[in-house]
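Residue numbers (full-length UniProt numbering): 1 to 656. Positions of the beta carbon are idealized from the N, C-alpha and C atoms, including for glycine.
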């Protein structure tokens with residue numbers, strides 16, 4: 001498995017293209033930019049050029065089923081469960097860890113169920129036929145995922161200490177097959193319930209799901225409910241042993257013995273002809289006895305072989321354990337195939353689960369469940385991984401199966417305008433290739449605005465990805481520079497710690513000051529702090545700004561010392577020295593002595609150095625004008641006067 005996808009051009013021969021080829025460049029996540037003709041110039045890897053018309057570029061994406069409004073809700077809410085689970089795994093062990101796995105699995109299923117119900121509501125209220133069909137297709141896929149997940153949770157995650165699983169299977173069947181309850185509600189609202197056309201159908205459907213109390217309630221509504229046969233059936237139902245009531249008090253063997261005594265009683269009464277006068281009651285008791293023939297007749301009420309499987313286990317072997325389940329499953333599947341029912345992918349997935357072939361379950365689910373396939377298999381495989389149900393050393397997928405699926409799921413989210421942030425969090429938990437993927441995705445991410453750039457920076461800084469931080473800041477700095485936003489550009493370059501770009505931009509700011517005599521972006525300059533030491537030019541500009549602030553506030557001595565230090569340190573460009581000397585002129589002509597004799601000598605030396613350097617210039621454009629020469633001569637005169645004034649004030653002549 002490749003650790004990254006290079007941003008390269010893919011050539012495909014296509015009729016109708018100018019050069020006979022269709023080309024494509026990798027975009028972000030599951031995305032390609034396809035175009036005809038020559039390769040466009042790109043600003044950066046994976047991004048189509050701005051100078052190519054949008055109509056010339058085809059944005060091709062796949063695995064975008066999770067980009068709709070409802071599925072985005074599924075993605076965001078299950079993302080929270082996933083992240084929380086990873087933290088819990090790190091701090092939990094033993095039975096506590098299993099409890100966390102079961103809780104997380106149920107949370108995933110609850111969120112999926114809620115989204116499925118939202119889709120149902122949207123399908124019911126949708127007027128567009130095509131859109132409604134799309135909703136219905138999604139609902140069908142979601143229901144299949146719920147069915148598979150619930151079944152696999154019983155077999156692989158919520159494993160009971162005693163190994164018995166009938167109670168969980170009954171809950172699973174009741175969750176997904178609700179026709180019996182729906183019919184019962186209709187019957188209870190009927191004026192004469194026992195005469196409702198679906199009266200006995202509702203009873204049998206509920207009976208096949210172990211809803212004993214509901215069956216007794218419906219039987220009590222029959223006009224013959226006081227007949228001896230009805231009372232006998234009610235007694236059998238009331239006395240029926242159910243593992244949910246006894247698992248805390250009895251062992252599995254003790255419960256099995258109690259259940260067999262009860263079934264023997266059912267068979268005895270049936271054989272004695274207690275229910276001959278009431279065929280429906282006789283059929284009901286035959287179900288209680290686990291009669292094969294009656295189950296064959298009622299398989300249509302079950303609707304599927306796996307419902308029939310659970311119903312038969314309830315009345316034939318309630319203490320069945322998971323390893324033995326596949327023997328009964330094959331017989332139930334045969335019941336349906338003999339009647340012409342064709343087994344589909346869903347049936348194969350459930351059968352693979354019964355056979356404890358986890359990898360086949362994941363493989364078939366990925367291939368069959370086109371909508372949300374990566375969502376389901378990635379989250380469920382993560383649970384199986386933490387439960388110890390997967391071979392973590394299997395490197396057939398480049399790393400392990402869990403990481404492979406998480407990488408695919410995260411990649412499917414990266415091309416969405418907001419879900420890419422969710423995808424990043426999943427990559428954090430891919431120990432082998434996760435960081436590489438994050439790096440590649442960030443390098444391909446288009447920096448549309450500052451808000452997005454700051455989000456990316458936060459992501460990179462959290463993960464100590466300094467190289468990517470610098471790249472983002474440089475790109476944003478250049479964008480700001482092209483738009484003429486010099487202050488923003490300076491902030492970005494400082495954050496990227498790009499010395500060259502910062503120095504060039506600072507020189508531009510210095511030149512603008514030379515032309516206008518006004519400081520721009522004073523808020524930034526006044527609050528740089530230690531960042532000003534990134535570049536000598538920037539250090540000079542900040543200190544020069546400080547000189548003006550001191551001068552304007554009347555602190556002339558401090559201002560003079562700072563100006564002198566700027567000249568001594570040679571931080572300013574030589575072309576700017578003339579401006580510095582101009583700033584020194586009012587201080588030199590002040591009545592008070594601001595520059596002492598020593599400082600004046602330094603200024604005179606700097607002025608001489610500037611003259612010498614300018615005289616050595618060969619480029620005519622860099623030669624001093626007559627006006628500038630006059631200004632330097634005037635400055636020389638000011639320095640001489642100040643030296644004389646300083647010497648008198650000091651009372652001595654320094655010969656050194």
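Beta-carbon contacts of residue i that lie in its chain and below 8 Å, excluding the five residues immediately before and after
i, result
"residue 229", "274, 275, 277, 278 and 281"
"residue 200", "280"
"residue 386", "85, 89, 97 and 101"
"residue 566", "540, 543, 544, 547, 572 and 580"
"residue 236", "262, 265, 266, 269, 285 and 288"
"residue 127", "none"
beta-carbon residue i near the ligand ZN non-hydrogen atom, thresh 7 Å
i, result
"residue 544", "Summarising the ligand content, the structure contains no ligands, and the ligand ZN is consequently not present."
Closest by C-alpha distance to residue i, when choosing among the options
i, options, result
"residue 103", "73, 389 and 150", "150"
"residue 547", "535, 539 and 560", "560"
"residue 611", "597, 629, 601 and 598", "629"
"residue 554", "536, 569 and 586", "586"
"residue 253", "317, 568 and 288", "317"
"residue 475", "283, 463, 503 and 444", "444"
"residue 285", "126, 233 and 357", "233"
"residue 322", "198, 115 and 356", "356"
"residue 518", "579, 141 and 173", "579"
"residue 157", "174, 384 and 172", "384"
"residue 484", "520, 500 and 464", "520"
"residue 426", "418, 416, 411 and 417", "411"
"residue 380", "72, 76 and 109", "109"
"residue 369", "139, 417, 177 and 238", "139"
"residue 112", "222, 144, 495 and 558", "144"
Length of the line joining the Cα atoms of residue i and residue j
i, j, result
"residue 106", "residue 245", "23 Å"
"residue 576", "residue 466", "35 Å"
"residue 82", "residue 193", "48 Å"
"residue 433", "residue 96", "30 Å"
"residue 649", "residue 639", "15 Å"
"residue 306", "residue 195", "31 Å"
"residue 664", "residue 523", "Nothing in the structure corresponds to residue 664, since the chain is present only between 1 and 656."
"residue 132", "residue 461", "44 Å"
"residue 303", "residue 179", "10 Å"
"residue 391", "residue 361", "14 Å"
"residue 220", "residue 208", "18 Å"
"residue 345", "residue 497", "57 Å"
"residue 184", "residue 198", "9 Å"
"residue 181", "residue 206", "7 Å"
"residue 326", "residue 333", "10 Å"
"residue 609", "residue 568", "11 Å"
"residue 632", "residue 500", "32 Å"
Anticipated Cβ contact below 8 Å, residue i with residue j, distance rounded
i, j, result
"residue 353", "residue 155", "6 Å"
"residue 85", "residue 98", "The Cβ separation is near 13 Å, so there is no contact."
"residue 505", "residue 534", "That pair is no contact at about 11 Å."
"residue 314", "residue 210", "5 Å"
"residue 328", "residue 351", "About 12 Å; that fails the 8 Å criterion."
DSSP-derived helix/strand/coil call for residue i
i, result
"residue 402", "helix"
"residue 238", "helix"
"residue 321", "strand"
"residue 164", "strand"
"residue 8", "The predicted position of residue 8 is uncertain, since its pLDDT is 40 and thus under 50; no value can be drawn from it."
"residue 451", "helix"
"residue 555", "coil"
"residue 46", "Because the pLDDT of residue 46 is 43, which lies under 50, any placement of that residue in the model is unreliable, and the number read from its coordinates should be weighed accordingly. Coil at residue 46, not helix or strand."
"residue 649", "helix"
"residue 655", "For residue 655, the pLDDT reaches just 48, beneath the cut-off of 50, and the residue's location in the model is therefore unreliable, although a value from the coordinates is still provided. Note: residue 655 maps to coil in three-state DSSP."
"residue 463", "coil"
"residue 181", "helix"
"residue 668", "There is simply no residue 668 to check, as the chain begins at 1 and stops at 656 in what is shown."
"residue 202", "helix"
"residue 364", "helix"
"residue 128", "coil"
"residue 343", "coil"
"residue 29", "Interpretation of residue 29 is limited by its pLDDT of 49, a score under 50 that renders its predicted location unreliable; no figure is taken from the coordinates."
Spatial neighbours of residue i in its chain, beta-carbon cut-off 6 Å, leaving aside the 5 residues before and after
i, result
"residue 378", "405, 406 and 409"
"residue 203", "215 and 218"
"residue 118", "70"
"residue 487", "521 and 524"
Chain-order list of residues whose beta-carbon lies under 7 Å from that of residue i (same chain, five-residue window excluded)
i, result
"residue 642", "588, 595 and 600"
"residue 584", "563 and 603"
"residue 224", "230"
"residue 92", "100"
"residue 166", "243, 313, 314, 318 and 320"
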